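Q: For reference, the structure I am asking about is given below.
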Amino acid sequence: MTPFSSLFGDRSGRRRYLASLVCGALAAGGLAAAGTAALVPGTASASSHREAPLISGTPQYDNTDVYAFVSPDKPDTTTIVANWIPFEEPASGPNFYTFADDAQYDLHVDNNGDAQSELIFRYTFKTHVKNKNTFLYNTGAVKSLDDPNLNVTQTYDIDLIKLRHQKLVSKTRLADNVPVAPSNVGKASMPDYGKLRSQAVHKTASGASTFAGQADDPFFLDLRVFDLLYGGNLSEVGNDTLKGYNVNTIALQVPNDMIRESAKQPVVGIWSTTQRKNARGGWTQVSRLGNPLVNEVVNPQKDKDKFNASAPWDDAQFLKNVTNPELPKLIEQIYKIKAPAEPRNDLVDVFLKGVKGLNQPPNVRPAEELRLNTSIKPAAHPKRLGVLDGDNAGFPNGRRLTDDVVDEALQVMEGELVGAKNDLGDAVNENDKKFEKYFPYVAEPTSGSRGPLAKGTKSGTDVRSQLGDALQPAGASAGTNNTVLIAGSAAAGAAGILLIGTALAWWRRRMQRPY
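152 is the number of the first residue of the sequence shown in the numbering used here; add one for each residue after it.
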């Protein structure tokens, strides 16, 4: 990481950086959430991890990020990636991470700019348990998705719902009973997780490809801004807060002609929602996400749950959160950097409609959607700053996995597009794991067995044959026969338990005798 002193020079330079960081986050994010939409494609500075009071308590329904990009290896298709369940600790068993059975996970497409869904790809899941008399997620090493040792499995269906002015036109089943890639329990349980990942990629008759399962969280940034904006001290900035955590991913690759209005109108707006079945059997929307950072720092507490339950065509109700954002005022209080004058009308057009001539559809209605021009070919050498660095295939034209949306948002919020050149950022420029070159592109999840090896064990050795060495007491001689020691200890322990049991039985009989 480049020291901030060299990046920004003196303390005042660092303060300007921080201010823009927060301002960019709130302003950019604010827009996005707001009534006119939300950072439409371009400026987000964090993903939606635990962003609202109600959804933070129900992670299975919490959508963390949405990505949309023209597929680099198949430019006649578009890939949509949406993630759920923030901060998955890889070793958090015995109940690992599943999609909810009582949820509808929806990917929305607006192909004419009216802020309404013309297409919805709906994913619904079902959990299967082979043996309910064990606590184990898997009862042995898992070598395939249909391995009997994989005790808890999931399958899913996909329905394509076509709408016109919010009225149902048709509903088509695209796929059913597709297997989900499991949580990566560890090397002993899943010795070849890559094989399981590949088996979970499914091609539909319509020419689409789909994947659902665990993956490394692809978002990268320093999220500790919530510690009162780094406490006025930037010395600890530059750590990827999401490193080592996983998410549950839904990835869908579809032909461009399947989702866009026409070759002449190739811009689509994309967002995701989660509906949960309520006690009466109906469905209630509990999560919504297009651009990142909308609900974290733009919407105040009173609007967060409302935003998650709302639709893009109603975003005008949040407009004040964008034109009068809270974040710049906080920066001014902490870093004494004057907040820009309000109302922030300068942010509305740029972030809520798409960039004119790039990814703004005709007759656009401002709304919180991730907007993508499907006619722009993928870049041979993608640049992390996307459009700001001359790469029109990147953010804010959609969002690729490698796009550094935090840095781009900060620079745009500080006036990069109006001549105020700057080089702002959070010093986290790439993900901790490399992404795949082919669908589903997301990196494999971090394994639950990522910790240091136990004393006496060697990498790649069957853990059962190393049990004695693993339990070797500190300081014990290398020649000790630990297997014999453990067996002897177990026998002695069993004998002791037998003696204690006999004594207790004798004591109980004695206590029951009349005096």
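Beta carbons: idealized from backbone N, C-alpha and C, even for Gly.
None of the values given here were measured: they were computed from a predicted structure.
Return helix, strand or coil for D216, following the three-state DSSP convention.
A: Position 65 of the sequence shown, counting from 1, holds the residue named residue 216. Under the three-state reduction of DSSP output, D216 falls in the strand class.
Q: Buried or exposed: where does D577 fall if 16 or more other Cβ atoms within 10 Å of its Cβ makes it buried?
A: Locating residue 577 in the sequence shown gives position 426, where the first residue counts as 1. The residue in question, D577, is buried, as its Cβ has 16 or more Cβ neighbours within 10 Å.
Q: According to DSSP, simplified to helix, strand and coil, what is Y307?
A: Counting from 1 along the sequence shown, the entry for residue 307 is found at position 156. Reduced to three states, the DSSP call for Y307 is strand.
Q: If S598 and P237 are in contact, beta carbons under 8 Å, what's the gap, nearest whole angstrom?
A: One-based indexing of the sequence shown puts residue 598 at position 447. One-based indexing of the sequence shown puts residue 237 at position 86. Going by Cβ atoms, the distance from S598 to P237 rounds to 19 Å, so no, they are not a contact pair.
Q: Whole angstroms is fine: what's the gap from T306's alpha carbon to P223's?
A: Locating residue 306 in the sequence shown gives position 155, where the first residue counts as 1. Locating residue 223 in the sequence shown gives position 72, where the first residue counts as 1. Each residue's alpha carbon lies about 28 Å from the other.
Q: Taking a contact to mean a Cβ-Cβ separation below 8 Å, would you say F220 touches T228 in this structure?
A: Residue numbering aside, residue 220 sits at position 69 when the sequence shown is read from its first letter. Residue numbering aside, residue 228 sits at position 77 when the sequence shown is read from its first letter. Not a contact, by the Cβ cut-off of 8 Å.
Q: Pairs of beta-carbons, one from the stretch 241–254 and one from the stretch 413–420, closer than 8 Å: are there three or more?
A: no
Q: In this structure, does DSSP put I527 in helix, strand or coil?
A: Taking the sequence shown and counting its residues from 1, the one referred to as residue 527 is at position 376. Note: I527 maps to coil in three-state DSSP.
Q: For S526 versus G337, is the C-beta spacing smaller than 8 Å?
A: By one-based count along the sequence shown, residue 526 stands at place 375. By one-based count along the sequence shown, residue 337 stands at place 186. No, Cβ-Cβ distance for S526 and G337 is not below 8 Å.
Q: Among all the DSSP beta bridges, which residues are the ones paired with Q404?
A: For the purposes of this step, residue 404 is identified with residue 253 of the sequence shown, where counting begins at 1. Paired residue(s): T230, S360.
Q: Along the chain, where does the beta strand (DSSP E) containing K322 start, and where does it finish?
A: What you label residue 322 is simply residue 171 of the sequence shown in a count that begins at 1. Annotation: the continuous beta strand (DSSP E) that includes K322 extends over 318–330.
Q: Could you tell me whether the Cβ atoms of H259 and S423 are closer together than 8 Å?
A: Start at 1 with the first residue of the sequence shown, and residue 259 comes out as number 108. Start at 1 with the first residue of the sequence shown, and residue 423 comes out as number 272. One thing to note: H259 has its Cβ within 8 Å of the Cβ of S423.
Q: Run through the stretch 222–274 for me and flag every whole beta strand (DSSP E) of 3 or more residues, listed as ranges in chain order.
A: You should have 228–239, 254–261.
Q: Alpha carbon to alpha carbon, how far is A518 from L301?
A: As a first step, residue 518 must be located in the sequence shown, where it is residue number 367. As a first step, residue 301 must be located in the sequence shown, where it is residue number 150. The straight-line gap from Cα to Cα measures roughly 43 Å.
Q: With a threshold of 7 Å on Cβ separation, who are the neighbours of D261 within its own chain once the five nearest residues in sequence on each side are excluded?
A: The residue you call residue 261 lines up with position 110 of the sequence shown. The answer, listed in chain order, is Q267, S268, E269, V419, G420, E520.
Q: Looking at C-beta atoms only, is the number of pairs between the stretch 345–352 and the stretch 589–597 that lie closer than 8 Å three or more?
A: yes
Q: For F546, does the three-state DSSP call read helix, strand or coil?
A: Translated into the one-based positions of the sequence shown, residue 546 becomes position 395. Coil at F546, not helix or strand.
Q: Nearest to N234 by CA position, among D343, T400, P226, is which residue?
A: As a position in the sequence shown, residue 234 is number 83, starting the count at 1. N234 has its Cα closest to that of T400, out of D343, T400, P226.
Q: I need the straight-line Cα distance from K480 to L561, nearest angstrom please.
A: Reading the sequence shown from its first residue, position 329 is the one you call residue 480. Reading the sequence shown from its first residue, position 410 is the one you call residue 561. Answer to the nearest angstrom: the Cα atoms are 16 Å apart.
Q: How is N496 classed by DSSP in three states: helix, strand or coil?
A: As a working note, residue 496 is residue 345 in the sequence shown. In this structure, N496 counts as helix in the three-state DSSP scheme.
Q: So D391 and L372 are supposed to be a Cβ contact under 8 Å. How far apart are they, rounded?
A: Along the sequence shown, read from residue 1 onward, the residue named residue 391 stands at position 240. Along the sequence shown, read from residue 1 onward, the residue named residue 372 stands at position 221. Yes, they are in contact, since the Cβ atoms of D391 and L372 sit about 7 Å apart, within 8 Å.
Q: For K313, write down the residues that DSSP places opposite it in a beta bridge.
A: The residue you call residue 313 lines up with position 162 of the sequence shown. Partner(s): L270, S321.
Q: Just checking L523 against the ligand FMN - is the residue's beta carbon closer than 7 Å to any of the ligand's heavy atoms?
A: This structure does not include the ligand FMN; it has no bound ligands of any sort.
Q: Let's test the definition: count the other Cβ atoms within 10 Å of the Cβ of N407 and tell me whether it reaches 16, buried, or not, exposed.
A: Locating residue 407 in the sequence shown gives position 256, counting from the first residue. Classification of N407: buried, given that the 10 Å Cβ count is 16 or more.
Q: Please classify Q484: does DSSP put it in a helix, a strand, or coil?
A: Stepping through the sequence shown from its first residue, residue 484 is reached at position 333. It is helical.
Q: How far does the beta strand (DSSP E) with L440 in it reach, from first residue to last?
A: As a first step, residue 440 must be located in the sequence shown, where it is residue number 289. Run containing L440: 434–440, per the beta strand (DSSP E) assignment.
Q: Determine, using beta carbons only, whether L367 and K588 come nearer to each other than 8 Å.
A: Walking along the sequence shown from the start, residue 367 turns up at place 216. Walking along the sequence shown from the start, residue 588 turns up at place 437. Checking the displayed sequence, the identity of residue 367 turns out to be Asp instead of Leu. No, the pair does not count as a contact, with Cβ atoms beyond the cut-off.
Q: Which same chain residues, not among the five before or five after N429, have their C-beta less than 7 Å away from its C-beta?
A: Along the sequence shown, read from residue 1 onward, the residue named residue 429 stands at position 278. So the list reads T435, once near-sequence residues are dropped.
Q: Going by C-alpha to C-alpha distance, which of K294, N459, N289 sits closest to T425?
A: The sequence position of residue 425 within the sequence shown is 274, counting from 1. Minimum Cα distance to T425 is reached at N459.
Q: With distance defined between alpha-carbon atoms, name the residue in M409, L403, N548 nearest to D257.
A: Here residue 257 refers to the residue found at position 106 when the sequence shown is read from its first residue. Ranking M409, L403, N548 by Cα distance to D257 puts L403 first.
Q: Express the C-alpha separation of S321 and R375 in angstroms, rounding to a whole number.
A: Taking the first residue of the sequence shown as 1, we reach residue 375 at position 224. Taking the first residue of the sequence shown as 1, we reach residue 321 at position 170. Near 45 Å, if we compare the C-alpha coordinates of S321 and R375.
Q: Look up L347 in the DSSP assignment and say whether it is helix, strand or coil.
A: The residue labelled residue 347 in the question sits at position 196 within the sequence shown. In this structure, L347 counts as helix in the three-state DSSP scheme.
Q: Compute the Euclidean distance between the alpha carbons of P299 and Y288, then round it to the nearest angstrom.
A: Within the sequence shown, residue 299 is the residue found at index 148, counting from 1. Within the sequence shown, residue 288 is the residue found at index 137, counting from 1. If I take the Cα positions, the gap works out to 11 Å.
Q: Nearest to G389 by CA position, among K471, S360, Y218, V557, is which residue?
A: Within the sequence shown, residue 389 is the residue found at index 238, counting from 1. Taking only the C-alpha atoms, the option nearest G389 is V557.
Q: Going straight from the alpha carbon of Q365 to that of N397, what length do you get?
A: Taking the sequence shown and counting its residues from 1, the one referred to as residue 365 is at position 214. Taking the sequence shown and counting its residues from 1, the one referred to as residue 397 is at position 246. Between Q365 and N397, the C-alpha separation is close to 7 Å.
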